[in-house]
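One structure is given here, and the rest of the page talks about it.
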Amino acid sequence: MNSSQILAEIREANMSYLMLAQALLRTDRAAALERLGIAEEAAYLIEHMSPPQLVKVASGNTLLCRIRLSDDLVWELITHHGSARDALAAGSAGDRRAA
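In terms of the numbering used here, the sequence shown opens at residue 1 and continues consecutively.
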């Protein structure tokens with residue numbers, strides 16, 4: 001994969017993330033803040049972006065979202081071979097305890 005392909009993938013991921021974030025924020029703000037892991041200020045900015053602003057922000061070379069798997073979740077999946085649902089529940093509880 002060359003650099004222009006990588007940038008196109010980043011742009012696509014960013015655009016999808018921003019559109020999902022807007023939809024979540026407009027549907028259930030409190031749940032969206034928790035699911036997205038963003039501050040109120042960032043939520044306000046994302047929620048009020050126009051389509052051209054979304055495109056401009058999404059077009060940067062930095063991925064706007066990140067995977068938030070805790071180390072506890074990864075170790076649970078590796079060592080106990082439990083169901084992914086059980087491990088995800090344990091990881092979510094650990095994330096809340098750490099907050």
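Here a beta-carbon is modelled for each residue, glycine too, at the ideal position from N, C-alpha and C.
#1: Can you tell me whether DSSP reads D71 as helix, strand or coil?
#2: Check whether the Cβ atoms of L54 and L18 sit closer than 8 Å, and answer yes or no.
#3: If you follow the alpha helix (DSSP H) that M15 is in, where does it begin and where does it stop?
#4: Rounded to whole angstroms, what is the Cα-Cα separation between S3 and L64?
#5: Enumerate in chain order the residues of its own chain whose CB-to-CB distance from T79 is below 7 Å, with the five nearest sequence positions on each side excluded.
#6: When you compare only the Cα positions, how much space is there between D28 and E40?
#7: Give me the Cα-Cα distance between L73 and I67, rounded to the nearest whole angstrom.
On the basis of the data shown:
#1: If you number the sequence shown from 1, residue 71 lands on position 71. Helix.
#2: Within the sequence shown, numbered from 1, the residue matching residue 54 stands at position 54. Within the sequence shown, numbered from 1, the residue matching residue 18 stands at position 18. Cβ atoms of L54 and L18: closer than 8 Å.
#3: Start at 1 with the first residue of the sequence shown, and residue 15 comes out as number 15. Counting along the chain, the alpha helix (DSSP H) containing M15 begins and ends at 3–27.
#4: Position 3 of the sequence shown, counted from the start, is the residue given in the question as residue 3. Position 64 of the sequence shown, counted from the start, is the residue given in the question as residue 64. Approximately 18 Å between the Cα atoms of the pair.
#5: Stepping through the sequence shown from its first residue, residue 79 is reached at position 79. If we look at T79 and ignore the five residues flanking it on each side, it has no Cβ neighbours.
#6: Looking up residue 28 in the sequence shown gives position 28. Looking up residue 40 in the sequence shown gives position 40. Whole-angstrom Cα-Cα distance: 13 Å.
#7: Numbered from 1 along the sequence shown, position 73 holds the residue referred to as residue 73. Numbered from 1 along the sequence shown, position 67 holds the residue referred to as residue 67. Approximately 12 Å, taken between the alpha carbons.
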